[in-house]
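Data first, discussion second: the structure below is written as C-alpha cells.
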Amino acid sequence: MTKKETKAKELKEKLFMERKNSGLIMSDAEMKAADKFNEGYKNYLDCGKTEREAVKAAVEIAKKAGFTEFKIGKKYKAGDKVYSNNRGKAVIFAVFGKEDIEKGVNILAAHIDSPRLDLKQNPLYEEKELAFFKTHYYGGIKKYQWTTVPMALHGVISKKDGSVIDVVIGEDDKDPVFVVTDLLIHLAQEQMKLNASEVVKGEQLNVLIGSRPFKDDEGSELVKLNIMNILFEKYGIVEEDFLSAELEVVPAFKAKDIGFDRSMVGAYGQDDRVCAYTALMATADIKGVPSKTVVTVLTDKEETGSDGSTGLCSSYLEYFIYDIAESFGKNGRHVLSASKCLSADVNAGFDPNFPEPFEKMNCAYVGKGTCLTKFTGSRGKSGTNDASAEFVGYVRKIFDDNKVIWQTAELGKVDFGGGGTVAKYIANLDVDTIDLGVPVLSMHAPFEITAKNDVYMTYKAFAAFIK
Ligand code: MN
Ligand code: MN
C-alpha cells in the first residue's frame with residue numbers, strides 16, 4: 245500500500261459513516277442472546293394475533309414482572325410498577341422513577357393492531373350450497389395476498405345478557421381453518437388483465453366456512469342452517485349475536501424461523517407487535533428503579549388512523565399521564581411538556597427483489613440494526629412528526645453509548661408513497677418524539693419478515709432509552 249492510500253484510508257475511517265451488518269459486529273454470545281429473545285417473541289406473536297389477545301398476553305408478562313393494576317388516587321413510590329387496561333384493546337404500563345415526575349417521563353409507544361379481515365355485522369350467507377362470512381378488511385392490504393391462505397377466526401361475541409364469548413378457531417392443530425378462495429389460473433384470462441388493486445375486490449374477500457347441508461329436512465339455506473346450528477351448539481349464539489361481535493380473520497400459521505441460518509422471523513402481525521413486544525420486555529426487564537418514570541403504551545387502531553377510544557388520537561394516554569402526575573401531587577401538563585418518546589413502529593426493509601421504490605442512501609436494511617426514522621409522511625413531509633436535530637442527537641448518543649446497532653431511514657423514495665405512525669399524536673401532546681423500529685420485509689402481508697438481530701437491537705435500544 246502506498247503512503248497516499250494509507251492516509252486516505254485513515255481519513256475515511258475517521259470521517260465517513262459506515263453501517264455494518266449486525267452479524268459482523270455482534271459477539272457470538274450476544275447473537276445467542278438475540279436468538280433466545282426471539283423465541284419469546286415468536287411465542288408472543290402466536291399468543292397475540294389480535295389487539296385483545298396482545299393486551300392479555302402483555303398483561304400476563306407484566307404481572308409476572310410485578311406490575312399491578314393502576315388505581316386512580318392511590319399513592320405510589322419510586323420503583324412501583326402499574327398497568328392500565330383500556331377496554332381490553334390497549335394497555336399502558338408504567339414504572340415510577342427516582343426523579344420528580346415533573347421532569348418528564350420516558351414514553352415507549354407501539355401498536356398491537358394489524359391488518360386483517362373483520363367479519364361484517366351481517367356476515368353469514370350461503371350461495372350455491374357453500375357457506376361464507378362476509379368481511380371488511382382492516383388496515384392497508386394488497387387484497388390478492390389474502391386469498392388461498394389458511395385463516396383462523398379470533399374475537400369476541402357480546403350477547404344481550406352481557407356475557408362475552410371468546411372465540412379462537414384455527415390455531416390448534418386439530419382445529420379446522422378457513423380460507424378466501426381465488427380464481428383458477430385456467431379461467432383467469434380476464435382477471436389477469438386487471439389492475440392489481442382490483443384482481444381481488446373488497447367484496448370478494450368472503451371466507452369459506454362450510455359446504456354440508458343440515459340433514460333430514462327440506463328448505464332453503466340448509467348449509468347456512470347447519471353452520472348456525474354448529475355455532476349454537478358450540479357457543480350458544482344465534483345469528484343476531486353477530487351484530488355485537490368483533491370477529492377477526494387472521495392467518496392461521498404460527499411464527500417460524502426463516503432461512504438455513506434461522507436468522508429471521510416469519511409471522512403474521514409483526515407490524516407492530518415486534519415493537520410492542522420489545523418495548524414491553526424492555527419495560528418488564530427494568531432492574532431496580534429507573535431514573536425517570538417509564539410509560540409504555542401498546543395501542544390499538546394505528547392501522548386505521550388511530551381514531552376511536554382505544555387509538556392514540558383519543559385522550560387515554562394523556563389522561564393516564566395526568567392521573568399518575570396527580571398521584572404524586574404534580575401537574576400533568578408539566579409532565580407531558582418535559583417528556584420524551586420513542587414511537588416504536590416498523591419501517592420498510594430494503595427488498596432486492598423490489599429495489600425501485602427505495603432510495604438506497606436513506607432506507608432501512610434488514611440485519612443492520614434497529615431503525616431510527618426522523619420523519620414519516622408523504623409528499624413534502626405531509627402529516628408527520630419531524631423530530632428535532634437536538635432530540636435525534638440525544639437519542640443517537642444513548643444508542644452509541646449502549647452499543648445499540650442502529651441505522652436511519654425514511655419510508656421509500658420521495659413522492660413514491662408514504663405512511664404514518666402514532667408519533668405525531670404523541671408529539672402533538674408537546675412531547676419530544678421520534679420513530680424507532682424494526683425493518684420489515686413484505687409489510688402488511690399475511691406473512692411478514694424481520695431479522696432476529698434487529699428485533700434484539702430494538703429491545704436494547706428501548707432498554708437504553710428508559711434506563
Ligand atoms: Mn405499524
Ligand atoms: Mn402498519
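Numbering (the working numbering), first residue to last: 245 to 711. Think of the CB as a built atom: it goes at the ideal place given N, C-alpha and C, for glycine as much as any other residue.
### Query
Considering residue 514, what are the terminal residues of the alpha helix (DSSP H) in which it resides?
Start and end: 514-528.
### Message
Can you give me the C-alpha to C-alpha distance between residue 408 and residue 296, rounded to a whole angstrom?
### Response
13 Å
### Query
What is the rounded straight-line gap between the Cα of residue 571 and the Cα of residue 710?
21 Å
### Task
Please classify residue 439: is it buried, with 16 or more other beta-carbons within 10 angstroms of its beta-carbon, or exposed?
exposed
### Task
State yes or no: is the C-beta of residue 542 within less than 9 Å of the C-beta of residue 356?
Yes, the pair counts as a contact, with Cβ atoms nearer than the cut-off.
### Query
Is any heavy atom in ligand 1 found nearer than 8 Å to the beta carbon of residue 665?
yes
### Query
Are the stretch 490-502 and the stretch 398-405 in contact at 8 Å, needing three or more beta carbon pairs?
yes
### Message
As a quick exercise: from 658, 553, 580, 529, pick the residue whose alpha carbon is nearest that of residue 708.
### Response
For residue 708, the nearest C-alpha among the options comes from 529.
### Task
Please say whether residue 593 and residue 502 have beta carbons closer to each other than 9 Å?
Going by C-beta atoms, residue 502 is not nearer than 9 Å to residue 593.
### Query
Cα-Cα, which of 472, 314, 662, 465 is closest to residue 624?
662
### Query
Straight-line CA distance for residue 461 to residue 453?
21 Å
### Query
Apart from the five residues just before and just after residue 582, which ones in its own chain have a Cβ nearer than 7 Å to its Cβ?
346, 347, 348
#### Entry: C-alpha distance - residue 474 paired with residue 358, whole-angstrom precision
About 29 Å.
### Query
Going by C-alpha distance, which of 579, 427, 307, 607 is nearest residue 652?
Cα-wise, what sits closest to residue 652 is 607.
### Task
Write down the C-beta distance between residue 654 and residue 619 rounded to the nearest angstrom, noting that I regard them as a contact closer than 8 Å.
About 7 Å separates the two Cβ atoms, so the contact holds.
### Query
Do residue 309 and residue 540 have their CB atoms nearer than 9 Å?
no
### Message
Can you tell me whether residue 576 is helix, strand or coil according to DSSP?
### Response
helix
### Message
Tell me which residue opens and which closes the alpha helix (DSSP H) that residue 643 is part of.
### Response
633-645
### beta strand (DSSP E) segments (min. 3 residues) lying fully within the stretch 429-503
451-454, 489-495, 500-502
### Task
Output the distance between the C-alpha atoms of residue 549 and residue 664, rounded to the nearest integer angstrom.
9 Å
#### Entry: heavy atom of ligand 4 below 8 Å from residue 546 C-beta
Among the ligands in the structure shown, ligand 4 does not appear; only ligand 1 and ligand 2 can be found there.
### Query
Could you give the residue range of the beta strand (DSSP E) that holds residue 510?
508-511
### Task
Please state whether DSSP places residue 299 in a helix, a strand or coil.
helix
### Task
Can you give me the start and stop residues for the alpha helix (DSSP H) that residue 699 sits inside?
That run of the alpha helix (DSSP H) goes 696-710.
### Between the CA atoms of residue 378 and residue 744 - distance to the nearest angstrom
One cannot answer for residue 744 here, as it falls past the ends of the chain, which runs 245 to 711.
### Query
For the stretch 496-511 against the stretch 665-674, are there 3 or more C-beta pairs whose distance is under 8 Å?
no
### Message
Out of 467, 434, 424, 455, which one is the CA nearest neighbour of residue 446?
### Response
424
### Query
To which residues of the same chain is residue 385 closer than 7 Å at the C-beta, ignoring the five residues directly before and after it?
For residue 385, where only same-chain residues beyond five positions count, the Cβ hits under 7 Å are 359, 688.
#### Entry: Three-state secondary structure (DSSP) of residue 663
strand
### Task
Check the DSSP bridge columns for residue 380 and list the partner residues they point to.
362
### Rounded separation between residue 553 and residue 261 - CA only
44 Å
### Message
Just to confirm the assignment, what range does the alpha helix (DSSP H) spanning residue 629 have?
### Response
Residue 629 -> no alpha helix (DSSP H), and no H or E assigned at all.
### Query
Just reading off the alpha helix (DSSP H) that residue 281 is part of, what are its end residues?
272-291
#### Entry: Pocket of ligand 1 (residues with CB nearer than 5 Å to any heavy atom), chain order
515, 516, 589
### Task
Compute the Euclidean distance between the alpha carbons of residue 330 and residue 350, then round it to the nearest angstrom.
One C-alpha to the other measures close to 20 Å.
### Task
Please check the pair residue 278 and residue 696, which I expect to be a contact at CB under 8 Å, by giving their CB distance rounded to whole angstroms.
5 Å
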